[in-house]
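Q:
There are 2 protein chains.
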Amino acid sequence: MSEGLPPSSGSSPTLEDVARAAGVSRATVSRVINGIRNVDPAIQEAVRQAIAATGYVPNQAARSLVTRRTGSIALVVSGAGGETGEDPFPGQVFADPFFGRVAGGIVGFLRPRGVHPILMFAETDETRAQVLTYLRQGNADGAVLVSTNADDPLPRMLVDAGLPAVLFARPPEPLPISYVDVQHRAGAKLAADHLVARGCRRIATISGPLAVPASQDRLAGFRDAMAVHGHPYIPCVEGRFTYPSGEAAMERLLAEQPDLDGVFVANDVMAQAALMVLRHHDRRVPEDIAVVGFDDSSAALACRPPLTTIRHPVEDMAAEMARLLLAHIEEPDRQPTSVIFEPSLVVRESA
Amino acid sequence: MSEGLPPSSGSSPTLEDVARAAGVSRATVSRVINGIRNVDPAIQEAVRQAIAATGYVPNQAARSLVTRRTGSIALVVSGAGGETGEDPFPGQVFADPFFGRVAGGIVGFLRPRGVHPILMFAETDETRAQVLTYLRQGNADGAVLVSTNADDPLPRMLVDAGLPAVLFARPPEPLPISYVDVQHRAGAKLAADHLVARGCRRIATISGPLAVPASQDRLAGFRDAMAVHGHPYIPCVEGRFTYPSGEAAMERLLAEQPDLDGVFVANDVMAQAALMVLRHHDRRVPEDIAVVGFDDSSAALACRPPLTTIRHPVEDMAAEMARLLLAHIEEPDRQPTSVIFEPSLVVRESA
DNA sequence: CTCAGCACAGAGAGCGCTCTCTTGTCTTCT
DNA sequence: AGAAGACAAGAGAGCGCTCTCTGTGCTGAG
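In order, the protein sequence lines correspond to chains A and B.
Mapping the first sequence onto the UniProt record's numbering, position 7 (from 1) lands on 7, and the numbers just tick up by one.
Mapping the second sequence onto the UniProt record's numbering, position 252 (from 1) lands on 252, and the numbers just tick up by one.
Laid out in structure tokens, this is it:
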């Protein structure tokens, strides 16, 4: 009866306490905890009981100090490159359900493995430096990076610092770093095939900013596929993936080619804007003009009519990012890898 | 020229290396880094140069080992209480923009202080245990908890374990724990005043699950305010904060009282459902019947017509949660505090 | 002239863990 | 029967940092 309680030295029990309670050495307890063989089953059992009796929980800091692993990774959302205005609430990025899907995919993969993501933002030089310092201090073993704009210097900084990292999309400049991405060209082809199949003949497109690789690929893929269908030239207006730029682009397209009967818009937000412009012009969708978006974001469902769009397997991609990162952490000399996912067509009412 | 490079012993420089480079002791370098006075300015300068020269970055694990602080906190999203189905991608919670606003508010407060949130989920007994173990291992100094359902055992578990924690809403059972919340009654009063002011006379309400304190408060606040306006009895149907329950409730309300001209719905999701039901019954909103929601979630904007609703200052509330948590970590014996925020009315088209 | 009193710097003891090295014991083969 | 091996458990050296304690050289009061 004198046992059962921890030494109640005020603080929580240590390996030493457990060892004493089990009548073995610290090393043996450590072996049991870390699942190393070569421990007599009877002793294993005794140790386990001692652990339960003392309520022992390993101290992660002490462990990290010697293993040089923390068991957590940084989930970095790298925003606008500008140094403009200090926004105390970077909620806009988080409010995007796309981010939620990424976070969900990452957590889904990491959690069963006992690792947890640390949420970080980086939109200024200062915050980028903070991310780097944070990683170098050993607060996290590596980073998963979701950039929202093309000229983000963080990927390069991570590479230069030799820190394990995985990107969400192919970086604009070639970099020895792993990333996951989606087959933008194949997705654009799905959109092209669908528009042609439903009988559209006078088709145009609204692209994303052409500095972004994804935008280039979607445009090129769409044009290539349309060429195969016998449409050698597809008019294009460049947008910036934003709602206002989508409005402007649709207005311009309509002015230049009033008899349009199909549009492929490079993301859902701009497609939503395009839909609104079409409504103002009293064009019926999809009867007069069919619209296909890209991303299958929540905007696609908020549209009237609901948007036919190209879906990324975002959760799977995020999980793969996490998988790649753990692999790189495990094996630092591992070569960078890219994993490219197939998109799919989601048919709703707009096309 | 023989200096400038770190000892290049393969690994990163330690305090010892810096001390050697500066010709002082480890303790002195530590003093400079941690900003303790009693260090000769000339030596301070020498140490700073040595730090820059060696590229020294403190090792957080070593620091945590002795200070017993990690400089990070857990951001726990505690979901459904049920043990049902293992969802590998808990993306639904994240996909809710409400969560994004919370995360944004927290990060906005923490980042300038150099602390970062670790994202965690807890919807099963197993994952709840994981959260507790994680905190006990000293991976994080405390937790900020956002529960999505009333009978979440995690708050009590945290209290029992003596871990610093702050909740997003008042717990259903009284618990010695700090929380932030919104004045639900005042919000409901805003809705009542608005409906009465726009001339509604036959008013009903759809409440949330009455096991949830917030639901009770919204209902009571609405009824009290209506009583002041001379409406002693307000019919109520209890919903469960979900879309289907909102549909059912609206149908029932309409069946019981066909001449309704105003409804207060206890959250936006159910209000959205109500709006859809009203459309099917060919009631015009707001001409025939006015609808006010609660939360100002993204659902409010996705509605046709856009929803008039009650807005929480979610970002401010989240920031306050973080502030409270840091205070509790700093001062473990601090008494629990509650901070209650004022909601506001957002007038759109539905009322 | 002596001795508090102070400002500053160094020595060194841990924090709790992992992991190599060593020792001890029991098989097994020649 | 003795040597070699296989295996189990302990001893102890750190990991990199913080922080108390100790030591040293001043200044100024008695």
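Each residue gets a CB set at the ideal place from its N, CA and C atoms; glycine is no exception.
If we cut at 9 angstroms on Cβ distances, does PHE341 of chain B have a partner in chain A?
A: As a working mapping, residue 341 of chain B is identified with position 341 in the second sequence. False, the Cβ-Cβ gap to chain A never drops below 9 angstroms.
Q: Can you give me the start and stop residues for the alpha helix (DSSP H) that PRO117 of chain B sits inside?
A: One-based indexing of the second sequence puts residue 117 of chain B at position 117. Taken as a continuous stretch (DSSP letters only), PRO117 of chain B belongs to no alpha helix (DSSP H), being part of the beta strand (DSSP E) at 116-122.
Q: Check whether the Cβ atoms of ALA290 of chain B and ARG198 of chain B sit closer than 9 angstroms, and answer yes or no.
A: Sequence index remark: in the second sequence, residue 290 of chain B carries index 290 (1-based). Sequence index remark: in the second sequence, residue 198 of chain B carries index 198 (1-based). Their beta carbons are under 9 angstroms apart, which means ALA290 of chain B touches ARG198 of chain B by this criterion.
Q: Would PRO244 of chain B be called buried (16 or more neighbouring beta carbons within 10 Å of its own) or exposed?
A: Walking along the second sequence from the start, residue 244 of chain B turns up at place 244. Exposed, by the Cβ-count rule.
Q: Strictly under 9 angstroms for the Cβ-Cβ distance: is THR309 of chain B near chain A by that measure?
A: Here residue 309 of chain B refers to the residue found at position 309 when the second sequence is read from its first residue. Cβ-Cβ to chain A under 9 angstroms: no for THR309 of chain B.
Q: Does the structure place the region 213-228 of chain A close enough to the region 184-199 of chain A that three or more beta carbon pairs sit under 8 angstroms?
A: Yes, since at least three Cβ pairs between the region 184-199 of chain A and the region 213-228 of chain A fall closer than 8 angstroms, the two stretches touch.
Q: Is the beta carbon of LEU326 of chain B less than 9 angstroms from the beta carbon of ARG63 of chain B?
A: Locating residue 326 of chain B in the second sequence gives position 326, counting from the first residue. Locating residue 63 of chain B in the second sequence gives position 63, counting from the first residue. Against a cut-off of 9 angstroms, the Cβ pair of ARG63 of chain B and LEU326 of chain B comes out as no contact.
Q: To test your reading of the DSSP string, which unbroken beta strand (DSSP E) runs of 3 or more residues are found completely within the region 298-338 of chain B?
A: The qualifying runs are 309-311.
Q: Once DSSP output is grouped into helix, strand and coil, what is the label at ASP295 of chain B?
A: The residue labelled residue 295 of chain B in the question sits at position 295 within the second sequence. Strand at ASP295 of chain B.
Q: For SER298 of chain A, which option in A:ARG170, A:PHE98, A:ALA46 has the closest C-alpha, if you only look at C-alpha atoms?
A: If you number the first sequence from 1, residue 298 of chain A lands on position 298. When only C-alpha atoms are compared, the closest one is A:PHE98.
Q: Which residue's Cα is closest to the Cα of ALA169 of chain A: A:ASP160, A:ASP152, A:ARG69, A:CYS200?
A: In the first sequence, residue 169 of chain A corresponds to position 169, counting from 1. Nearest option by C-alpha distance: A:ASP152.
Q: List, from N- to C-terminal side, the beta strand (DSSP E) runs of 3 residues or more that fit wholly inside the region 14-93 of chain A.
A: Complete beta strand (DSSP E) runs here, min 3: 72-78.
Q: Let's test the definition: count the other Cβ atoms within 10 Å of the Cβ of TYR134 of chain A and tell me whether it reaches 16, buried, or not, exposed.
A: The count along the first sequence starts at 1 and reaches residue 134 of chain A at position 134. Its Cβ being crowded by 16 or more others within 10 Å, TYR134 of chain A is buried.
Q: Once the 5 residues before and after MET250 of chain A are set aside, which same chain residues still bring their CB inside 6 angstroms of it?
A: For the purposes of this step, residue 250 of chain A is taken as residue 250 along the first sequence, with counting starting at 1. Contacts found: ALA274, VAL277.
Q: For the alpha helix (DSSP H) containing ALA190 of chain A, list its first residue and its last residue.
A: Taking the first sequence and counting its residues from 1, one reaches residue 190 of chain A at position 190. The sequence shown places Leu at residue 190 of chain A, not Ala. Unbroken alpha helix (DSSP H) run through LEU190 of chain A: 184-197.
Q: What is the rounded straight-line gap between the Cα of ILE51 of chain B and the Cα of ALA129 of chain A?
A: For the purposes of this step, residue 51 of chain B is identified with residue 51 of the second sequence, where counting begins at 1. For the purposes of this step, residue 129 of chain A is identified with residue 129 of the first sequence, where counting begins at 1. C-alpha separation (whole angstroms): 17 angstroms.
Q: Using the beta-carbon count (16 or more within 10 Å), is GLY82 of chain B buried or exposed?
A: Translated into positions along the second sequence, residue 82 of chain B becomes position 82. In this predicted model, GLY82 of chain B has a pLDDT of only 40, less than 50, meaning its place in the structure is not dependable enough to derive any value.
Q: GLN137 of chain B versus chain A: which residues are under 7 angstroms apart at the beta carbon?
A: The count along the second sequence starts at 1 and reaches residue 137 of chain B at position 137. By Cβ distance, chain A contributes VAL57, PRO58, ASN59, GLN60.
Q: If you check the beta carbons only, do ARG323 of chain A and PHE109 of chain A fall under 9 angstroms apart?
A: If you number the first sequence from 1, residue 323 of chain A lands on position 323. If you number the first sequence from 1, residue 109 of chain A lands on position 109. Cβ atoms of ARG323 of chain A and PHE109 of chain A: closer than 9 angstroms.
Q: If distances are taken between C-alpha atoms only, which option among B:ALA61, B:ALA103, B:SER78, B:ALA53 comes closest to GLN137 of chain B?
A: Within the second sequence, numbered from 1, the residue matching residue 137 of chain B stands at position 137. Ranking the options by Cα distance to GLN137 of chain B, first place goes to B:ALA61.
Q: Check distances from the C-beta atoms of the region 270-282 of chain A to those of chain B and list, in chain order, the residues that come in under 8 angstroms.
A: The region 270-282 of chain A vs chain B, Cβ under 8 angstroms: nothing.
Q: Checking contacts by CB at 9 angstroms: is MET317 of chain B closer than that to chain A?
A: As a working note, residue 317 of chain B is residue 317 in the second sequence. For MET317 of chain B, the answer is no, since every Cβ of chain A falls outside 9 angstroms of its Cβ.
Q: I need the DSSP call for ASP181 of chain B, collapsed to helix, strand or coil.
A: What you label residue 181 of chain B is simply residue 181 of the second sequence in a count that begins at 1. Correct three-state label for ASP181 of chain B: strand.
Q: Does chain B have any CB closer than 9 angstroms to the CB of MET250 of chain A?
A: If you number the first sequence from 1, residue 250 of chain A lands on position 250. With 9 angstroms as the cut-off, MET250 of chain A does not count as an interface residue toward chain B.
Q: Roughly how far, in whole angstroms, is the beta-carbon of VAL146 of chain A from the beta-carbon of SER78 of chain A, given that I think they are within contact range, below 8 angstroms?
A: Start at 1 with the first residue of the first sequence, and residue 146 of chain A comes out as number 146. Start at 1 with the first residue of the first sequence, and residue 78 of chain A comes out as number 78. Rounded, the Cβ-Cβ distance is 7 angstroms, consistent with contact.
Q: I need the straight-line Cα distance from PRO58 of chain B to PRO164 of chain A, nearest angstrom please.
A: Residue 58 of chain B sits at position 58 when you count from the first residue of the second sequence. Residue 164 of chain A sits at position 164 when you count from the first residue of the first sequence. In a straight line, the C-alpha of PRO58 of chain B is about 19 angstroms away from that of PRO164 of chain A.
Q: Mapping DSSP to helix, strand and coil, what is GLY108 of chain A?
A: As a first step, residue 108 of chain A must be located in the first sequence, where it is residue number 108. In the structure shown, GLY108 of chain A sits in a helix (DSSP, three-state: H, G or I).
Q: Since ILE118 of chain A meets chain B, which of its residues come closer than 8 angstroms, beta carbon to beta carbon?
A: Counting from one through the first sequence, the residue named residue 118 of chain A turns up at place 118. By Cβ distance, chain B contributes SER72, HIS116, PRO117, ILE118, LEU119.
Q: For ASP282 of chain B, tell me which candidate among B:ALA188, B:VAL237, B:PRO258 has the shortest Cα-Cα distance.
A: Residue numbering aside, residue 282 of chain B sits at position 282 when the second sequence is read from its first letter. Considering only alpha carbons, the answer is B:PRO258.
Q: Please return the same chain residues whose Cβ sits closer than 6 angstroms to the Cβ of PRO313 of chain A, not counting the five positions on each side in sequence.
A: Here the question's residue 313 of chain A lines up with position 313 in the first sequence. Contacts found: PHE341.
Q: With 9 angstroms as the threshold, decide whether the Cβ of GLY85 of chain A is near any Cβ in chain B.
A: Taking the first sequence and counting its residues from 1, the one referred to as residue 85 of chain A is at position 85. Residue placement at GLY85 of chain A cannot be trusted, given a pLDDT of 40 that sits under 50; the coordinates are not used to answer.
Q: For the alpha helix (DSSP H) that PHE222 of chain A lies in, which residues bound it at each end?
A: Position 222 of the first sequence holds residue 222 of chain A. Per DSSP, PHE222 of chain A belongs to the alpha helix (DSSP H) from 213-228.
Q: Measure the CB-CB distance between ALA300 of chain B and ILE206 of chain B and report whether it falls below 9 angstroms.
A: Working through the second sequence from its first residue, we reach residue 300 of chain B at position 300. Working through the second sequence from its first residue, we reach residue 206 of chain B at position 206. No, Cβ-Cβ distance for ALA300 of chain B and ILE206 of chain B is not below 9 angstroms.
Q: Going along the region 129-157 of chain A in order, which residues come within less than 8 angstroms of chain B, judged by CB to CB distance?
A: Cβ contacts with chain B come from GLN130, THR133, TYR134, ARG136, GLN137, GLY138, ASN139.
Q: If you run the structure through DSSP and keep just helix, strand and coil, what is MET1 of chain B?
A: Looking up residue 1 of chain B in the second sequence gives position 1. Any answer about MET1 of chain B is weak, because its pLDDT of 37 lies below 50 and its placement is not dependable; what the coordinates show is given next. The answer is coil: DSSP assigns MET1 of chain B none of H, G, I, E or B.
Q: Please determine, among A:SER25, A:PRO171, A:ALA21, the residue with the shortest C-alpha to C-alpha distance to PRO336 of chain A.
A: By 1-based counting over the first sequence, the position of residue 336 of chain A is 336. The candidate whose alpha carbon is nearest that of PRO336 of chain A is A:PRO171.
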